[in-house]
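One structure is given here, and the rest of the page talks about it.
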Amino acid sequence: MNTLESADGTRRRHRAPAWGADLPLTEDEARDRLIEAAEACFAERGPSRTKLTHVAAKAGVHRTTVYSYFPNMDAILAACFVKATNLVVEAADPYFAEDRPFIDRLINAVLAGLRAARSNPTMLSMTAPHDLARTHRAAERSGAWRTGIVDGLAARFASAAPGEVRADISPYQMARWVVRIAFSLIEDPGGDDVGGDEGLLRAFLPGAIAPQARRPNRTTRLR
Numbered sequence: 001m002n003t004l005e006s007a008d009g010t011r012r013r014h015r016a017p018a019w020g021a022d023l024p025l026t027e028d029e030a031r032d033r034l035i036e037a038a039e040a041c042f043a044e045r046g047p048s049r050t051k052l053t054h055v056a057a058k059a060g061v062h063r064t065t066v067y068s069y070f071p072n073m074d075a076i077l078a079a080c081f082v083k084a085t086n087l088v089v090e091a092a093d094p095y096f097a098e099d100r101p102f103i104d105r106l107i108n109a110v111l112a113g114l115r116a117a118r119s120n121p122t123m124l125s126m127t128a129p130h131d132l133a134r135t136h137r138a139a140e141r142s143g144a145w146r147t148g149i150v151d152g153l154a155a156r157f158a159s160a161a162p163g164e165v166r167a168d169i170s171p172y173q174m175a176r177w178v179v180r181i182a183f184s185l186i187e188d189p190g191g192d193d194v195g196g197d198e199g200l201l202r203a204f205l206p207g208a209i210a211p212q213a214r215r216p217n218r219t220t221r222l223r
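Counting from 1, one number per residue, gives the positions in the sequence shown under UniProt numbering.
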């Protein structure tokens, strides 16, 4: 806020107009600018230490302008998470079009998604150990991320050829499990002793999603 002196000598408080001269043309553009401001704040101080006032200052607007688009900081965090996960999905999607067995397409897609996630500073900041819990809570409350990643992957499971994936668990539950595994690998990659991310995925995914008849028998007989 600036203090201006009027012609009659009185001093008045004057609030600079939101966005200044560079007014967004649409509400979507305004939201995108606020999300970009939040991403910049995350890079500087981390999600858990970023406040709504920091986002407003970075965007060059008053905090009331931010409240016009996001009710609280968790809503901003969820929007940033959705944006980051959409980029991961874009990187993974082409691998599902390959002419390979479903399990190979799935593993290649997850690997591509992991590469995209690890190259995205915003995703890395939101999935860091001290910020992951808050990110998860905010994302779960919004529910928007499910459409982009979990529901999309569930549709891939549902479209698999008969006999490629198990039928005793819903495609949604299998997709949700794979997504959880993928997010855990962002911060904790598979080690060299297991062949990296690909070795870890190939060791566990086929046995987890294959139909019962095709799963290896890992039962150990007790003597």
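Here a beta-carbon is modelled for each residue, glycine too, at the ideal position from N, C-alpha and C.
DSSP places ASP193 in no alpha helix (DSSP H); its state is neither H nor E.
PRO129: member of the alpha helix (DSSP H) spanning 129-142, first to last residue. Less than 8 angstroms divides the Cβ of ALA38 from the Cβ of VAL55.
Taken through DSSP and simplified to helix, strand or coil, LEU153 comes out as helix. For the pair of segments examined, the region 66-73 was found to touch the region 45-52: the number of CB pairs separated by less than 8 angstroms reaches three.
Under the criterion of beta carbons closer than 8 angstroms, ALA57 and ARG33 do not qualify as touching, at roughly 13 angstroms. By the neighbour-count criterion, in which a residue is buried when 16 or more other Cβ atoms sit within 10 angstroms of its Cβ, GLY207 is exposed. When the Cα atoms are used, THR26 and VAL82 turn out to be separated by approximately 20 angstroms. Residues LEU52, THR53 and ALA56 of the same chain have their beta carbon placed closer than 7 angstroms to that of ARG63, with the five preceding and five following residues left out of the count.
Per DSSP, reduced to three states, the secondary structure at ALA59 is helical. The shortest C-alpha to C-alpha distance from ARG141 to any of GLU44, LEU77, ALA40 and ASP22 is the one to LEU77. Around the beta-carbon of ALA161, fewer than 16 other beta-carbon atoms lie within 10 Å, marking it exposed.
Excluding five sequence positions before and after ASP197, the CB atoms of its chain that fall closer than 7 angstroms to its own CB belong to LEU111, LEU114, LEU185, PRO189 and GLY190, given in chain order. Within the same chain, Cβ atoms closer than 7 angstroms to the Cβ of PHE96 are found at ARG105, ALA109 and ARG156, the five residues on either side in sequence being excluded.
Contact between MET123 and ALA84 is confirmed by a C-beta separation of about 4 angstroms, below the 8 angstroms threshold. Residue environment: THR147 is assigned as exposed (fewer than 16 neighbouring CB atoms within 10 Å of its CB, all protein chains considered). With fewer than 16 other Cβ atoms from the protein chains shown falling within 10 Å of its own Cβ, PRO94 counts as exposed. When the alpha-carbon of SER159 is set against those of THR135, ALA30, PRO101 and ALA128, the nearest one is in PRO101. For TRP19, no alpha helix (DSSP H) run applies, since DSSP gives it neither H nor E. Residues ILE149, VAL150 and LEU153 of the same chain have their beta carbon placed closer than 8 angstroms to that of VAL179, with the five preceding and five following residues left out of the count.
Taking all protein chains shown into account, LEU23 has fewer than 16 neighbouring C-beta atoms within 10 Å of its C-beta and is therefore exposed. Rounded to the nearest whole angstrom, the CA to CA distance from GLU164 to ALA175 is 14 angstroms.
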